[in-house]
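Everything on this sheet refers to the single structure shown next.
2 protein chains.
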Amino acid sequence: MDNFTFYSPTYFVFGKDEENKVGHYVKRFGGSKVLVHFGGGSAERSGLLNKVRQSLNAEGIEFVELGGVQPNPRDGLVYQGIELCRKSGVDFILAVGGGSVIDSAKAIAAGAVYDGDFWDYYEGKVVTKALPLGTVLTISAAGSEGSGDSVITKEQGMYKRATTGEALRPKFSILDPALTQTLPAYQTACGITDIMAHLYERYLTNTKEVEVTDRLIEALLLTMIKEGPRAVADSNDYQARANIMWAGMMAHNNSCGVGRTQDWTSHNIEHELSALYDCAHGAGLAVVMPAVFTYNMHHDVMRFAQVAVRVWGCQMDFEHPEETAKAGIKALQAFLTSIGMPKNFAQLGAKEEDIDELAHKCCWGDVNTGTTGGFVPLNEDDVKAIYKLML
Amino acid sequence: MDNFTFYSPTYFVFGKDEENKVGHYVKRFGGSKVLVHFGGGSAERSGLLNKVRQSLNAEGIEFVELGGVQPNPRDGLVYQGIELCRKSGVDFILAVGGGSVIDSAKAIAAGAVYDGDFWDYYEGKVVTKALPLGTVLTISAAGSEGSGDSVITKEQGMYKRATTGEALRPKFSILDPALTQTLPAYQTACGITDIMAHLYERYLTNTKEVEVTDRLIEALLLTMIKEGPRAVADSNDYQARANIMWAGMMAHNNSCGVGRTQDWTSHNIEHELSALYDCAHGAGLAVVMPAVFTYNMHHDVMRFAQVAVRVWGCQMDFEHPEETAKAGIKALQAFLTSIGMPKNFAQLGAKEEDIDELAHKCCWGDVNTGTTGGFVPLNEDDVKAIYKLML
């Protein structure tokens, strides 16, 4: 295990109806003039935004609002949010929504107190200062409610890039599983896939002797395998959604990823797909992961065999461990298909003729240097071959 | 799953030689006049205290020292520490040691800024204010480095009692697995047993639909089963100790215990043993757990069968689940014996003729009300019967 630091100072408030206390928590964490940031009409239609407004009003907290965050959130709205914060003297950002809303809120929080262009942070500059922010989560997926990470798409060139920093960790996050019950089955399944991808990205490591984090990752994958299909089959299954919601946070606050190298190949390769085709991130990952794992499997067959046996219940083939490794990848793909995820380029709306462009952007992009991935450094030809496996 | 809040704002610094940065972290978290609190001579002999002094001096931080914390830490030294803090204007407590030292430091931290008797907190008053504290951990066991809990023994009457409060969470904790390499095998095994007990106390719940926390607890138990015997067999096995150290923190910071009722019967029954005989807490737990589980098994056979199958690798007996449940308890006891833990009263130095007194104190004590335990409320006769199972 490698040396590391771990810091997760977010106050988590978990359970039914807890969103009604949001004003109390904004006040507790020092907010007096709030930007309420949200997505499309669903938070309005469901009545959630009204609950938030009532709770803020009840605490005498002033606020301004900025809606319109899209999936794969764009830099354009971030610039608007930064201007609004400065004009209105905002001292606290409240994100009401899923990962896209929270990521957009984080970008605004950092940009509002930075003299330069906020995009600098998405080109490698470390975020050390940001307005405090809180979240009311409406979808279990990104894990952004417990992380210091944010991903934004630059409209010019459609580059999707990430940043990270302790200052971006939410001060509080309200997680009410009931708020996710209005999600369509497809979006629920996309969230489940994203959570599982966060786990695989950490599992695929070159660090030895990491039993504790291996076991924790496996525990969360096993949880998704039990609870995922229940949530997809019955959107009102509160208990399945509760288990998924805590697993989604734990999958990405990094307590199960410390002290080890991580991969993030699948995310990097997927980001180009959702940037170009605006497909759901989780759906993209469902197509990308089996291809990446098949391509990288021979780098460490025993690691893939381990997850196959411990998570997917495959029998270990001691004479041919690579058969066990393959069986685990097949089991993952079958699971994702069973919850309604796509399995190839066509189902995703992606096109074979774009592969050269996708691979080039992934490896070179605007900030990269010719390779991608932490488990096996892949060059442009490797990435092309992986995209071809998805056809 | 039940509603809950979870807040773990401790900054963890993990890995070899990180203790040399302790001065930096004390300063970062606002300390300018420090009480360095420690146990017996081992921190001095190993050179650890000198490293701490050098690091504090290098940062220009003043400090006073108070050593002498015993296992099962006593109120007498806490009162001394409180007086020393007030006399010297201490604004930060640094615990250098294991759970006993950290628990004693927490009591001092709370007592130093409280007008009444600090023992009030151990009789039910909630701690809302305390001096900030940091830790340099030297044994993986209590999990106090990541929790808001503290256990102190009152010398008059030898009552061992616990308190908890967010204000008692350490600001930072330095976890260097190499510092635990000087521990004798017996103490290493006691720590392993304590960690496993923290996991079982959370596993034994009456809350339904808690797959995510069940799986996380199982993951940490599986880690102990793999890494525990390695650490006991070779005290210099850094990697085994690193895995145990992170597991020990995760086992008790409560991320795997949220949203569910917990038990704590074994701890309550053990506390009377270590208070009366001054035996090691972990050794006491090794004797207590199999007895408690055997006594309580029929309350929820399937829960005991689940841990038997998932953690201990027992075959599920679908016709006779109670046989599987029993096999899991036997496997736990065999494991604890294999790492050198005692299995009965005699090996612990406990006496049959004290059983009435032990059971009475456990159920009535100075603050209890006739029963103990969250999984099955046990009265004095139940507890007597459990002690008799340990003969």
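In order, the protein sequence lines correspond to chains F and Z. So the mapping is simple: the working numbering equals the position in the first sequence, first residue as 1, plus 91. So the mapping is simple: the working numbering equals the position in the second sequence, first residue as 1, plus 91. From the three backbone atoms N, C-alpha and C, an ideal C-beta is built for every residue, glycine too. Keep in mind the model is a prediction, meaning the values are calculated, not measured.
Coil, strand or helix - E150(F) by DSSP: coil
How would you list, in chain order, the residues of chain Z whose beta-carbon sits under 9 Å from the beta-carbon of T219(F)? Near T219(F) there are no residues of chain Z at all, since even the closest Cβ is about 14 Å away, more than 9 Å.
Pairing CB atoms from the segment 180–199 of chain F with CB atoms from the segment 232–246 of chain F, are three or more of them under 8 Å? yes
Does any residue of chain F have a CB that is nearer than 9 Å to the CB of N334(Z)? yes
Please confirm whether Y102(Z) and F120(Z) have their CB atoms less than 9 Å apart. yes
Outcome for D305(F) when other beta-carbon atoms lying within 10 angstroms are tallied against a minimum of 16: buried
Given a cut-off of 9 Å, decide if G180(Z) and N88(Z) are closer than it, judged by their beta-carbon atoms. The requested residue 88(Z) is not part of the displayed model; chain Z covers only 92 to 482.
Does any residue of chain Z bring its CB to less than 9 Å from the CB of R293(F)? no
Residue from L423(Z), K124(Z), I152(Z) whose Cα sits closest to the Cα of M315(Z): L423(Z)
Which chain Z residues are close to P100(F), counting only those with a beta carbon under 7 Å from its beta carbon? P100
In DSSP terms, what Y102(Z) is bridged to: Y98(F), F263(Z)
Which residues does DSSP pair with G188(F) in a beta bridge? L228(F)
Where R351(Z) falls: helix, strand or coil (DSSP): coil
Leaving out five residues before and five after G172(F) in sequence, what residues of the same chain have Cβ atoms less than 6 Å from its Cβ? L157, I199
Ends of the alpha helix (DSSP H) at A253(Z)? First-last for A253(Z): 250–255, but that is the beta strand (DSSP E), not the alpha helix (DSSP H).
Beta-carbon separation of K245(F) and D182(F) under 9 Å? no
Within 10 angstroms of the Cβ of V323(F), are there 16 or more other Cβ atoms? Answer buried if so, exposed if not. buried
Alpha-carbon spacing of K299(F) relative to L295(Z), whole angstroms: 33 Å
For N387(Z), count neighbouring Cβ atoms within 10 angstroms of its own Cβ and tell me buried if that reaches 16, exposed if not. buried
Endpoints, alpha helix (DSSP H) assigned at V169(Z): 166–179
Within a Cβ cutoff of 6 Å, which residues of the same chain sit near V104(F), ignoring the five residues on either side of it in sequence? I265
So what's D325(F) in DSSP terms, helix, strand or just coil? coil
Can a CB atom of chain Z be found closer than 9 Å to the CB of K317(F)? yes
For R252(F), which residues in the same chain have their Cβ closer than 6 Å to its Cβ, ignoring the five residues on either side in sequence? Y213
Beta-carbon of W403(F) versus every beta-carbon of chain Z: anything under 9 Å? no
Within 9 Å (strictly less), CB to CB, does T304(Z) reach chain F? yes
So, for L482(Z): in the same chain, excluding its five sequence neighbours on each side, which residues have a beta-carbon less than 7 Å away from its beta-carbon? N435, F436, E443
Assign T460(Z) to one of two classes, buried (16 or more other C-beta atoms within 10 Å of its C-beta) or exposed (fewer than that). exposed
Just the chain F side, please: which residues come within less than 7 Å of A310(Z) by C-beta, in chain order? R306, L307, E309, A310
Quick one: which unbroken beta strand (DSSP E) runs of 3-plus residues sit fully inside the segment 115–146 of chain F? Chain order, please. 124–129
Helix, strand or coil for L313(Z), going by three-state DSSP, please let me know. helix
Using the C-alpha atoms, what's the distance from L307(Z) back to D194(F)? 27 Å
Are F384(Z) and Y478(Z) touching if we call contact CB-CB under 9 Å? no
T356(Z) and G464(Z) look like a contact to me (Cβ under 8 Å); what is the Cβ gap, rounded to whole Å? 3 Å
Let me know if K178(F) comes out buried or exposed under the rule of 16 or more other beta-carbons within 10 Å of its beta-carbon. exposed
Exposed unless 16 or more other CB atoms sit within 10 angstroms - verdict on R394(Z): buried
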